[in-house]
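Below: one structure, written as C-alpha cells.
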Amino acid sequence: MSADDRAQRSEGTTATDRDVEQRFREQVLSELPVLLRVGRRLTLDAGDAEDLVQDTLVRAYRAFDRFDGRYPRAWLLTILRNTHRNALRKRRPDLMDDEVAHRIPDQGAAGRADGVPDAALHDELDPIVRTSLGSLSARHRAVIALVDLDGLTYKEAAHMLDVPVGTVMSRLHRARAKVRAQLEAEGITGAPR
Amino acid sequence: MTLVGPNPGLRISEEPVCLEVVAALQAHLDGELAERDAPRIAGHLARCARCASEAATVREVIDRIRRQRPALDLGALGRLTGVVERFGGPDRPVRPAP
Chain A
254 MSADDRAQRS
264 EGTTATDRDV
274 EQRFREQVLS
284 ELPVLLRVGR
294 RLTLDAGDAE
304 DLVQDTLVRA
314 YRAFDRFDGR
324 YPRAWLLTIL
334 RNTHRNALRK
344 RRPDLMDDEV
354 AHRIPDQGAA
364 GRADGVPDAA
374 LHDELDPIVR
384 TSLGSLSARH
394 RAVIALVDLD
404 GLTYKEAAHM
414 LDVPVGTVMS
424 RLHRARAKVR
434 AQLEAEGITG
444 APR
Chain B
27 MTLVGPNPGL
37 RISEEPVCLE
47 VVAALQAHLD
57 GELAERDAPR
67 IAGHLARCAR
77 CASEAATVRE
87 VIDRIRRQRP
97 ALDLGALGRL
107 TGVVERFGGP
117 DRPVRPAP
C-alpha cells in the first residue's frame, strides 16, 4: 500500500479498496446459502452457524489479497472448515478431526433445535425418507447431508470430511441404496433392484 | 486435492456396456462426470430401456432425499448479507497490507 493510499485510507476508502470490496462481494454473496447450510451442519445450532459464517467472512476478507479469484466456494468452504476446527480445538482440545462426520444431525432433530417448526422444513414431508435417513450411520448420514441436502460436490464433501472422493462416492451409494430399499419395501419406487 | 472439476478416477468407455453404465449412474445423475463422459452415459440410456429404468429409479430416490433439505434460515442469510455489504463501509475488517 502506498503512502498516498494509507493517507486516503485514514480518511476513508481508496479506489483500490473499493475495487477489492466490490470483487469480494461479488465472489461471496452467492455462496452465503451454502456456507450457512454447511455451518449449520457443523455447529448443530442456528446461532452458532451464523457466528461461524460471520467469522469465516471476516477471515476471508482479510485473506482476500491472497485468493486467486478461482472457485470461491471451495476457498470459502476451506476457511469455514478451518475456522470451525480452530474454534472446536479451543473449546474441546480432546476432539479429533473426524468430528465433522459425527456432527450430522438427523433432520428432525435439526429442525427442532433450529427453532423452526418441522412443518416449515418442507411442504411435503416424506416420513419414510426421513426415517431412513435417521437410521443411517453417522458416516452415511454425513455424505447424504453434505451432497444431497447442502449441495456440495463430491470433492467438496470429501474435503469437509477429510476422506478420499472414492469414499464419498461409495458411502453415498450405500446410503442411497438403504433409502431405496426402504422405499421399495414400502412399495413406493417402481423398478425392482 | 483440488476441489473442482470432474473426478479423475472415473473413465467411461466410448460405448459403455450396461454394467459400466449402472456403475457410473450415480455420478452421472449428480453431474460429476467429465464433459466427455456424460454424453456417453446419456447415449446408452437413450438406447437401453433397462438402464433407463434403473436411472429413473435412482433419480427418484435422489430427488426424494433432496426434498428433505431443511429450509434456509432467511433471517440469518439477510444478516450475513448485511455483514458482507458493510465490508464496503467504515466498519470493514482491516486487511493486512499486501
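Protein sequence lines, in the order shown, are assigned to chains A and B. Here the first sequence stands for residues 254 to 446, where the numbers follow this note's numbering. Here the second sequence stands for residues 27 to 124, where the numbers follow this note's numbering. Cβ atoms here follow ideal geometry from the backbone N, Cα and C, with glycine treated the same way. These numbers come from a predicted model, not from an experiment.
Show which residues of chain B have a CB atom less than 7 Å away from the CB atom of residue i.
i, result
"VAL281 of chain A", "VAL110"
"HIS426 of chain A", "GLN52"
Nearest to residue i by alpha carbon, out of the options?
i, options, result
"ARG334 of chain A", "A:MET422, A:ALA411 and A:ASP272", "A:ALA411"
"PHE277 of chain A", "A:ARG293, A:ALA299, A:VAL291 and A:ARG319", "A:ARG319"
"LEU310 of chain A", "B:ASP63, B:VAL109 and B:LEU45", "B:VAL109"
"ARG93 of chain B", "A:ALA398, A:ALA430, A:THR406 and A:THR420", "A:ALA398"
"VAL526 of chain A", "A:PRO286, A:ARG429, A:PRO380 and A:SER385", "The first residue shown for chain A is 254 and the last is 446, placing residue 526 of chain A beyond what the model contains."
"GLU40 of chain B", "B:GLU61, B:LEU106 and B:ARG112", "B:GLU61"
"LEU45 of chain B", "B:ASP56, B:GLU80 and B:PRO65", "B:GLU80"
"ALA313 of chain A", "A:VAL281, A:ALA434 and A:LEU341", "A:VAL281"
"ILE88 of chain B", "A:SER385, A:GLU409 and A:VAL418", "A:SER385"
"PRO380 of chain A", "B:ALA102, B:THR107, B:GLY101 and B:ARG90", "B:ARG90"
"ARG293 of chain A", "A:GLY404, A:GLU303 and A:GLU284", "A:GLU303"
"ALA327 of chain A", "A:VAL432, A:LEU285, A:VAL382 and A:VAL421", "A:LEU285"
Name the chain A residues that come within less than 9 Å of residue i, Cβ to Cβ?
i, result
"ALA72 of chain B", "What ALA72 of chain B touches in chain A: nothing, since even the nearest Cβ is about 17 Å away."
Note down, in chain order, every chain A residue with its Cβ under 8 Å from the Cβ of residue i.
i, result
"ILE88 of chain B", "ASP401 and ARG429"
"ILE38 of chain B", "By Cβ distance, chain A contributes nothing, its closest Cβ being about 14 Å from ILE38 of chain B, past 8 Å."
"ALA53 of chain B", "TYR407 and MET422"
"PRO42 of chain B", "Within chain A, no residue comes near PRO42 of chain B; the closest Cβ sits about 17 Å away, beyond 8 Å."
I need the DSSP call for residue i, collapsed to helix, strand or coil.
i, result
"VAL87 of chain B", "helix"
"PRO42 of chain B", "coil"
"LEU98 of chain B", "coil"
"GLU274 of chain A", "helix"
"VAL369 of chain A", "For VAL369 of chain A, the predicted model reports a pLDDT of 34, less than 50, meaning its position is unreliable; a value from the coordinates is still stated below. If DSSP states are grouped into helix, strand and coil, VAL369 of chain A belongs with coil."
"CYS77 of chain B", "helix"
"GLY300 of chain A", "helix"
"ASN339 of chain A", "helix"
"PRO417 of chain A", "coil"
"TYR314 of chain A", "helix"
"ALA444 of chain A", "With a pLDDT of only 46 at ALA444 of chain A, under the threshold of 50, the placement of this residue in the model should not be trusted; the figure read from the coordinates follows. Note: ALA444 of chain A maps to coil in three-state DSSP."
"GLY108 of chain B", "helix"
"ASP401 of chain A", "helix"
"ARG319 of chain A", "helix"
"LEU330 of chain A", "helix"
"ALA363 of chain A", "Residue confidence for ALA363 of chain A is low, a pLDDT of 39 falling below 50, so the modelled location carries little weight; the figure read from the coordinates is stated next. Helix at ALA363 of chain A."
"ARG345 of chain A", "coil"
"ALA391 of chain A", "helix"
"THR406 of chain A", "coil"
"VAL353 of chain A", "Its pLDDT being 47, under 50, VAL353 of chain A is placed unreliably by the model, and nothing is read from it."
Taking residue i as the query, report the chain D residues whose CB atoms sit under 7 Å from its CB, ordered along the chain.
i, result
"PHE277 of chain A", "Annotation note: the requested chain D is absent from the structure, which comprises protein chains A and B."
Which bits of chain B does residue i rub up against, with CB to CB less than 8 Å?
i, result
"ILE206 of chain A", "For residue 206 of chain A there is no data in the structure shown, the boundaries of chain A being 254 and 446."
"VAL416 of chain A", "By Cβ distance, chain B contributes nothing, its closest Cβ being about 10 Å from VAL416 of chain A, past 8 Å."
"ARG433 of chain A", "THR83, VAL84 and VAL87"
"LEU285 of chain A", "LEU103, LEU106, THR107 and VAL110"
"LEU329 of chain A", "Residues of chain B passing the Cβ test: none, with the nearest at roughly 11 Å."
By the criterion of Cβ-Cβ separation under 7 Å, what are the contact partners of residue i in chain A?
i, result
"GLU46 of chain B", "Neighbours of GLU46 of chain B on chain A: none; closest Cβ ~15 Å, over 7 Å."
Within the chosen definition, does the stretch 433-440 of chain A reach the stretch 94-111 of chain B through at least 3 CB pairs nearer than 8 Å?
-> no
Taking one C-beta from the stretch 50-62 of chain B and one from the stretch 78-90 of chain B each time, how about it: are there three or more such pairs within less than 8 Å?
-> yes
Give a yes or no on contact between the stretch 272-288 of chain A and the stretch 67-81 of chain B, applying the rule of three or more CB pairs nearer than 8 Å.
-> no
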